[in-house]
Amino acid sequence: MLKEWNEFFEEEKKQLYFQELMAKIEEEKIHNTIYPAEENIFKIFDLIKPDEVKVIIIGQDPYHGKNQANGIAFSTSNAVKTPPSLRNIFKELKADLAIDHFENNDLSGWVKQGVFLINSTLTVSESRPGSHANFGWEKFMNNCLKFLNKNSTIYIYVLFGNWAKKTYNTLKFSSNNIKLEFGHPSPFSYEKFFKGTKPFSKINCELRKLNKTEINWEK
């Protein structure tokens, strides 16, 4: 990972919860396949420095199908079929900004521009969604966001669905942060709560107000 995250990770490694979390994952590996691959669990910390983060999008847990999860929330490999939630994100991007992203499931291009796409839970067992929800990842993610919020940067928090809203509301962040709430892009809520909400243009609108560079969602 990038050295700018060392302070955060060194502090977490001292904590009992983190040690227990790593032990639980090792134990789970004995009986189940874990996603994403071990080298990708902390992948997002390889792609963006703390001071480069502008937009924070909170997901729930990684895709639980084979070769799908790649360490970036909602993102996946181009070698697999596009998951329904990601397809719906691309459908809304097309409707919002006329950008066609359907042939590129890898969202690392967004991350490198300042979009911190992180799940509340960074691992999952194959075919068992939510299976690592009580391992301790939520505390890790909360501590990560608190680490980011130590500085005076104004972040745009993008909350897709009730899980992200609940996660955000458990944290005491600066009132200066901007919060954009939307429904979740999953097939269960897309039509009623996500379709037509224009999240991408709204994010760029807020970035303009902050005199920050807009996200090129084509990348």
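Using full-length UniProt numbering, you'd call the opening residue of the sequence shown number 1 and step up by one each time.
All C-beta atoms in this analysis are idealised placements derived from N, C-alpha and C, irrespective of residue type, glycine included.
Inset, instruction - Could you tell me whether the Cβ atoms of Ser120 and Trp163 are closer together than 9 angstroms? - result: Locating residue 120 in the sequence shown gives position 120, where the first residue counts as 1. Locating residue 163 in the sequence shown gives position 163, where the first residue counts as 1. The Cβ-Cβ distance between Ser120 and Trp163 falls below 9 angstroms.
Inset, instruction - Express the C-alpha separation of Asn104 and Pro199 in angstroms, rounding to a whole number. - result: As a first step, residue 199 must be located in the sequence shown, where it is residue number 199. As a first step, residue 104 must be located in the sequence shown, where it is residue number 104. Distance between the alpha carbons of Pro199 and Asn104 is about 19 angstroms.
Inset, instruction - Just tell me which of Asn142, Trp5 and Ala79 has its CA closest to the CA of Tyr17. - result: Working through the sequence shown from its first residue, we reach residue 17 at position 17. The candidate whose alpha carbon is nearest that of Tyr17 is Asn142.
Inset, instruction - Please say whether Phe116 and Ile44 have beta carbons closer to each other than 9 angstroms? - result: Your numbering for residue 44 matches position 44 in the sequence shown. Your numbering for residue 116 matches position 116 in the sequence shown. In contact: Ile44 and Phe116 (Cβ atoms closer than 9 angstroms).
Inset, instruction - Enumerate, from N- to C-terminal direction, the unbroken alpha helix (DSSP H) stretches of 4 or more residues contained entirely within the segment 103-184. - result: 108-111, 137-148 and 161-169
Inset, instruction - Report, in whole angstroms, the separation of the C-beta atoms of Tyr168 and Tyr157, which I expect to be a contact under 8 angstroms. - result: Within the sequence shown, residue 168 is the residue found at index 168, counting from 1. Within the sequence shown, residue 157 is the residue found at index 157, counting from 1. Contact holds; Cβ gap of about 6 angstroms.
Legend entry - residue 243 - DSSP class collapsed to helix/strand/coil: Lying before the first or after the last residue shown, residue 243 is absent from the chain, which here runs from 1 to 219.
Legend entry - Asn211 versus Pro187: straight-line alpha-carbon distance, rounded: What you label residue 211 is simply residue 211 of the sequence shown in a count that begins at 1. What you label residue 187 is simply residue 187 of the sequence shown in a count that begins at 1. Each residue's Cα considered, the two are about 35 angstroms apart.
Legend entry - Boundaries (first-last residue) of the beta strand (DSSP E) holding Ile58: Looking up residue 58 in the sequence shown gives position 58. Val55 to Gly59 is the extent of the beta strand (DSSP E) around Ile58.
Inset, instruction - With DSSP as the reference, label Ala23 as helix, strand or coil. - result: Your numbering for residue 23 matches position 23 in the sequence shown. It is helical.
Inset, instruction - Write down the C-beta distance between Ser85 and Phe74 rounded to the nearest angstrom, noting that I regard them as a contact closer than 8 angstroms. - result: Numbered from its first residue, the sequence shown carries residue 85 at position 85. Numbered from its first residue, the sequence shown carries residue 74 at position 74. The beta carbons of Ser85 and Phe74 sit about 6 angstroms from each other, so the pair counts as a contact at 8 angstroms.
Inset, instruction - With Pro50 as the anchor, note down where its alpha helix (DSSP H) starts and where it stops. - result: Translated into positions along the sequence shown, residue 50 becomes position 50. Run containing Pro50: none; DSSP gives neither H nor E here.
Inset, instruction - If I'm right that Val55 touches Ile203 with Cβ under 8 angstroms, what's the distance once you round it to whole angstroms? - result: Taking the sequence shown and counting its residues from 1, the one referred to as residue 55 is at position 55. Taking the sequence shown and counting its residues from 1, the one referred to as residue 203 is at position 203. Between Ile203 and Val55 the Cβ distance is about 6 angstroms, and since that is below 8 angstroms, they are a contact.
Inset, instruction - Could you tell me whether the Cβ atoms of Asn67 and Ser131 are closer together than 9 angstroms? - result: Translated into the one-based positions of the sequence shown, residue 67 becomes position 67. Translated into the one-based positions of the sequence shown, residue 131 becomes position 131. Contact flag unset, no.
Legend entry - Residues bridged to Thr76 (per DSSP): Walking along the sequence shown from the start, residue 76 turns up at place 76. Thr76 is bridged to Ala69.
Legend entry - Per-residue burial, Cys144 [other beta carbons within 10 Å of its own, 16 or more giving buried]: As a position in the sequence shown, residue 144 is number 144, starting the count at 1. The C-beta of Cys144 has 16 or more other C-beta atoms within 10 Å across all chains shown, which makes the residue buried.
Inset, instruction - Using three-state DSSP, classify Asn40 as helix, strand or coil. - result: Taking the first residue of the sequence shown as position 1, residue 40 is located at position 40. In the structure shown, Asn40 sits in a helix (DSSP, three-state: H, G or I).
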